[in-house]
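Just remember that my numbering sits 2 ahead of the position in the sequence shown, which is counted from 1.
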Amino acid sequence: MLQYEFMRHAFAASAIVASLSGLIGWFLVLRGQSFAGHALSHIGFAGATGAVLVGISPLLGMALAATGAGVIMGWEPQRDTRANPQLASGRDSTTGLILAASLGLGLLFLQWQHAPTSRATSLLFGNVLGVDRHTLNLLYALSALCLAGLALIGRPLLFASLDPDIAAARGVNIRLISVIFMGLVALSSAICAEVTGILLVFSLLVGPASIMLRLKLSPWMGLIGSALLALILAWSGLALSWTTNAPVSFWISTLAAGGYLLVRLIDTRFSMAFIKNIQK
3 MLQYEFMRHA FAASAIVASL SGLIGWFLVL RGQSFAGHAL SHIGFAGATG
53 AVLVGISPLL GMALAATGAG VIMGWEPQRD TRANPQLASG RDSTTGLILA
103 ASLGLGLLFL QWQHAPTSRA TSLLFGNVLG VDRHTLNLLY ALSALCLAGL
153 ALIGRPLLFA SLDPDIAAAR GVNIRLISVI FMGLVALSSA ICAEVTGILL
203 VFSLLVGPAS IMLRLKLSPW MGLIGSALLA LILAWSGLAL SWTTNAPVSF
253 WISTLAAGGY LLVRLIDTRF SMAFIKNIQK
């Protein structure tokens, strides 16, 4: 299958997206902001369709819209929602409403430009087999920008994620770190959507990271493992799609969900066995 140029482009794009989403996603899940990451991808849909309407790259429009929203989300002060559950409920409700409104706005933009249904399907569910050289170069540039930003804030981000109070006492600017990180999440969501589509961004951005965090590995091992697992899922999805003619995004999402359920089942059985041994 690698004798075809479009498949080589697909494997290259999948490698870029998977590596980036695995690293960003690990911090996203650690910080408990998975739902916010999902919402950013839907906001990106409105940006992508708006970009097509004005005649620019959908990927660029998606990245700009999602990044702007991510910066606004990151600016919101980080509060302890465990002490006040209503804060978490209100924040999730607001995020959900923005998510739904963004999808509606994206569909309106599609109607205005009289775009074919295939274009909406491509944006929502991804079309990695249609990545051309120009898009691939754009993915390289955006991914390099995200990785540079993550390397810059990596240490204070980890510190702020594990214990924000002590991090703030040590001089870490929690709000600035949050703003930069949510901007990186937004940009990564836009990049990831090029492979899995907007509706299935969770597959690569959250799936591998959730599995690694469930395994309770050290931060470095968790980060590396998350990126490698995302790469395995993406390339396995491409290979299975080639063999079965099913969509790539279907296989990636199915493998990610299956992997998480398997790890959770194993973890539950070990926990139950450990409790029984203690009781004896």
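Note that CB positions come from ideal geometry on N, CA and C, so glycine has one too.
Of the listed residues L159, L242, T256, W77, nearest to P221 (C-alpha basis) = L159
What is the DSSP secondary structure of G173, counted as helix, strand or coil?
-> coil
Report all residues from its chain with a CB closer than 7 Å to the CB of I213; omit the five preceding and five following residues, and keep chain order.
-> L231, G261, Y262, V265
Along the chain, which unbroken stretches of the beta strand (DSSP E) at least 3 residues long are found entirely within the segment 121-162?
-> none
Residue range of the alpha helix (DSSP H) that S16 falls in?
-> 7-32
If you check the beta carbons only, do M3 and W244 fall under 8 Å apart?
-> yes
Buried or exposed: where does N86 fall if 16 or more other Cβ atoms within 10 Å of its Cβ makes it buried?
-> Unreliable positioning characterises N86 in this predicted model, as indicated by a pLDDT of 48, which lies under 50. The coordinate reading is nonetheless provided below. N86 comes out exposed.
Using the C-alpha atoms, what's the distance from G185 back to V133?
-> 24 Å
So what does DSSP say about G260, is it helix, strand or coil?
-> helix
Go ahead and label A171 buried or exposed: buried means 16 or more other beta carbons lie within 10 angstroms of its beta carbon, across all protein chains shown.
-> exposed
Cα-Cα separation, F29 to P210 | 12 Å
Same chain, Cβ closer than 6 Å to P60, neighbours up to 5 away in sequence not counted | A50, A53, V54
Sub-8 Å separation of V181 and W77 beta-carbons = yes
For I100 and G108, the rounded distance between their alpha carbons = 12 Å
Buried or exposed by the 16-neighbour rule on C-beta atoms within 10 Å, applied to Q113 | exposed
Comparing alpha-carbon positions, which option in D269, L144, A143, S205 lies nearest G39?
-> S205
Where D165 sits in the DSSP three-state scheme | coil
Beta-carbon spacing of A195, S16 below 8 Å = no
Is any heavy atom in the ligand MN found nearer than 7 Å to the beta carbon of P210?
-> Ligands are entirely absent from the displayed structure, and the ligand MN is therefore not among its contents.
Report the three-state DSSP secondary structure of L217 (helix, strand or coil).
-> coil
Pick out whichever of G57, I200, Y6 has its Cα sitting closest to the Cα of G46.
-> I200
Please confirm whether A192 and A41 have their CB atoms less than 8 Å apart.
-> no
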